[in-house]
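I have placed the structure first, in the form of structure tokens, so that the comments after it can refer back to it.
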């Protein structure tokens, strides 16, 4: 009798069935993912879900995450050089200074008010200025200084012209030696010298103000000339009390007296042929000065005290608008200097 276990097909199948019934070998988990693959995607999904991002925001995040980090700087930021006053601006400041000193609206020929008028005109007509330059403190200091220098040069020029029109100056005695009346310059010749190289033209209002300058210069040709001129102009306006006819009467008398006392009128250039109105450039400056004066006067009277930030500001004369002594002001197009 054989000791070996008898085998049968059923017994073999029992073994097969036993294997089939047992647990299967460990297989790779399809949900198991590598760190650099789908697992990172799951973390991104959980992050965006936790942040409750909108669809368009999810898209932006995905696009951002797909951009590789290069570790390089694509843009190099270079500091801009310090601001410098250009040659064009210096030329325009010179032209604006002449227009301001010859304007009907000026109430002070020197100091911060005159400089403020030049800056007002510059920021209205200064096309070569960079945008928002008035908020650059360092640049504003340079522009303000340049405006003051331009005014100083024009005042020096005008004062010398007044002296030459009357005679010669004794530098030792610091006195003015008058020439005979016939040898002195008439008002037209003097006005031509004043407007030379500027955008202004000779007109009746301009001659009136030059005549007032010469009237004061005859008695005060020293360092206090501009202060005396300011005082004389203020006295005339105070006496007129804002009356246009009285101002016309006063300046007409000053012009006629100048014509009678200085030079011999040129028959070819009589004052009757002078323009009764200033040109568009001068009128534009007059309008800016008048508007600035009105704004300052109204704000001083109505606005409460406010602590403002330290920003260079344009100052103007805190006075009421001045009426033209000869003709009423008219609005004309502004022509900026070349």
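In this note's numbering, the protein residues as written are 117 to 454. Even for Gly, the Cβ is constructed at its ideal location relative to N, Cα and C. Values in this document were obtained by computation on a predicted structure and should not be read as measured data.
Taking the beta carbon of residue i as the centre, do at least 16 other beta carbons fall within 10 Å, making it buried, or is it exposed?
i	result
residue 328	buried
residue 300	buried
residue 231	buried
residue 181	exposed
residue 400	buried
residue 330	buried
residue 403	buried
residue 312	exposed
residue 172	exposed
residue 354	exposed
residue 358	exposed
residue 257	exposed
residue 393	buried
residue 320	buried
residue 293	exposed
residue 272	exposed
residue 367	buried
residue 251	exposed
residue 211	buried
Between the Cα of residue i and those of the options, spot the shortest distance and give me the residue it belongs to.
i	options	result
residue 260	270, 279, 280 and 239	239
residue 390	255, 366, 307 and 370	307
residue 209	245, 223, 181 and 325	245
residue 397	348, 368, 369 and 322	322
residue 269	318, 173 and 214	214
residue 263	198, 227 and 290	227
residue 69	280, 202 and 290	One cannot answer for residue 69 here, as it falls past the ends of the chain, which runs 117 to 454.
residue 314	252, 371, 297 and 395	395
residue 339	370, 356 and 276	276
residue 378	211, 302 and 241	302
residue 298	316, 251 and 376	376
Check the DSSP bridge columns for residue i and list the partner residues they point to.
i	result
residue 283	294
residue 391	319
Kindly indicate if chain C contains any beta-carbon less than 8 Å away from that of residue i.
i	result
residue 325	The chain inventory of the structure shown lacks chain C, comprising one protein chain alone.
With a CB to CB cut of under 8 Å and the five nearest residues on each side skipped, what residues in its chain are close to residue i?
i	result
residue 177	160, 164 and 169
residue 405	216, 219, 221, 222, 233, 236, 237, 432 and 433
residue 332	341, 344, 345 and 348
residue 419	Caution is warranted here: a pLDDT of 42 is assigned to residue 419, below 50, making its placement in the model unreliable, and the coordinate value is therefore given only provisionally. None.
residue 318	304, 307, 308, 311, 390 and 391
residue 316	214, 215, 218, 310, 322, 394, 395, 397 and 398
residue 356	362, 363 and 366
In angstroms, rounded to a whole number, what distance separates the CA positions of residue i and residue j?
i	j	result
residue 360	residue 374	21 Å
residue 381	residue 266	32 Å
residue 337	residue 285	9 Å
residue 309	residue 249	35 Å
residue 207	residue 174	58 Å
residue 372	residue 365	11 Å
residue 477	residue 167	The first residue shown for the chain is 117 and the last is 454, placing residue 477 beyond what the model contains.
residue 351	residue 203	39 Å
residue 290	residue 370	26 Å
Sorted by chain position, which residues of the same chain lie with C-beta nearer than 6 Å to residue i's C-beta, five sequence neighbours on each side aside?
i	result
residue 295	283
residue 205	244
residue 349	none
residue 254	none
residue 407	none
residue 425	Unreliable positioning characterises residue 425 in this predicted model, as indicated by a pLDDT of 32, which lies under 50. The coordinate reading is nonetheless provided below. Nothing listed; no residue qualifies.
Can you list, in chain order, the residues of its chain with a C-beta nearer than 7 Å to that of residue i? Leave out the 5 residues immediately preceding and following it.
i	result
residue 278	329, 330 and 333
residue 326	303, 306, 307 and 310
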